[in-house]
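A short worksheet on the structure shown next.
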Amino acid sequence: MPASPRLKIGLSACFQHADPARPLFTGKTLQYVEQSIAHWIMSAGAMVVMVPCPTGATARGDVTLDHYAEWLDGIVMHGGADVWPGSYGEEPLREEWVGDRVRDLYDLAVVKAFAQAGKPIFGVCRGLQLINVAFGGALYQDLQTQHPGAQQHRNATTYDQHFHDIHIVPDTHLAQLYPDKPRARVNSIHHQGIKRVAPDFVVEALSEPDGVPEAIRLQAAPGRGYIAATQWHPEFHRVGSDTLDDTAILNDFLAACSAAKARPAAPGPGPLGLRDRAARLLRQALRRRP
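Taking my numbering, the leading residue of the sequence shown gets 59, the next gets one more, and so forth.
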């Protein structure tokens, strides 16, 4: 892509909540990005801007997520912690699956802001799960506990070197990006997964042999923007490895950002079934935190 003007791509924040036992930034909330996903987006010449949560105990000024959505050309939703089951109407089955409610509410508000602005959205791992939940889908809290016959989707020891195969669904947009790849190998670093696909989304890839959705996309229709996600981490692909080349996925997302940038500025349609109380709930949740 040309050096100027460069696309400005937002990257959602990861959270480390205030911890009085932490020796550095003691008692402070940290918001950060994982290096490789920022470098992945930058590899195609785009500039990356972390979108910080604008609310919390130290909040000042009047900057909102809507301002970021208006200014940026698209957003990538980061991987990270489990999604809180309450986000899709369930109680946590185990304490360790509670997830991060504050981050969920922030992420829901980010998705809402960018969807309403008509800006492209791409999700990775947790980002796929959050997008699915945001638009009315639900998750397995733990695949190996709740999904009969599920293979291992996360290995804490091998981490990004744990892989499985996927089947790319024919006649989908992803299949068009990889016309000679009906099957591929991807990394697998998750224990939650899609149980019910959100309305108006299509599944573009399934894990083999257990059939867990591995890629989703908002169905194309007049007035709808670009929203897509993968369960695997395309940014972890290594050149020369036997895993699916990430280039086509990144270029497709950035092409959508360029196309949206070229269109006259106009508010996007209402974001389908998006749970739209996220911003208010986020403020309430952060006020309750010590």
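Glycine included, every Cβ here is placed at the ideal spot set by N, Cα and C. In this text, all values refer to a predicted model and were calculated from it rather than measured experimentally.
- Between glycine 283 and proline 178, the gap from beta carbon to beta carbon is short of 9 Å.
- Between valine 191 and serine 70, the beta carbon gap of about 14 Å keeps them out of contact (Cβ cut-off 8 Å).
- Each of Gly157, Glu293, Pro112 and Asp258 was checked against the Cα of glutamine 250, and the nearest Cα belongs to Gly157.
- Setting aside the 5 residues that flank it on each side, cysteine 315 is surrounded in the same chain by Leu65, Asp131, Gly132 and Pro178, each with a C-beta closer than 6 Å to its C-beta; the list follows chain order.
- With contact defined as three or more Cβ pairs closer than 8 Å, the segment 213 to 226 and the segment 235 to 255 are in contact.
- For glutamine 202, the closest C-alpha among the options Leu186, Val270, Thr84 and Ala320 is that of Val270.
- Residues Ala127, Ile133 and Ile179 of the same chain have their beta carbon placed closer than 7 Å to that of phenylalanine 172, with the five preceding and five following residues left out of the count.
- In terms of CA proximity to valine 297, Trp98 leads the group Leu88, Pro81 and Trp98.
- No Cβ-Cβ contact shorter than 9 Å links phenylalanine 83 with valine 160.
- With contacts defined as CB atoms closer than 9 Å, glutamine 187 and glycine 181 qualify as a contacting pair.
- Apart from the 5 residues on each side of it in sequence, aspartate 303 sits with its Cβ closer than 7 Å to the Cβ of His295 in its chain, given in chain order.
- Around the Cβ of methionine 135, a 10 Å sphere holds 16 or more other Cβ atoms; the residue is buried.
- Counting along the chain, leucine 312 sits inside the alpha helix (DSSP H) bounded by residues 305 to 320.
- Counting along the chain, no alpha helix (DSSP H) covers histidine 136, and no H or E run does either.
- From the listed residues Val121, Pro292 and Arg321, the smallest Cα separation to serine 94 is found for Pro292.
- The segment 101 to 120 and the segment 137 to 151 do not touch, with fewer than 3 CB-CB distances between them shorter than 8 Å.
- The criterion of a C-beta distance shorter than 9 Å is satisfied by valine 261 and isoleucine 252.
- If you look at phenylalanine 172, you'll find it in the alpha helix (DSSP H) that goes 159 to 174.
- In the displayed model, arginine 118 falls within coil according to three-state DSSP, outside both helix and strand.
- The Cβ atoms of glutamate 272 and alanine 263 sit closer than 9 Å to each other.
- Per DSSP, the unbroken alpha helix (DSSP H) holding aspartate 124 starts and ends at 123 to 129.
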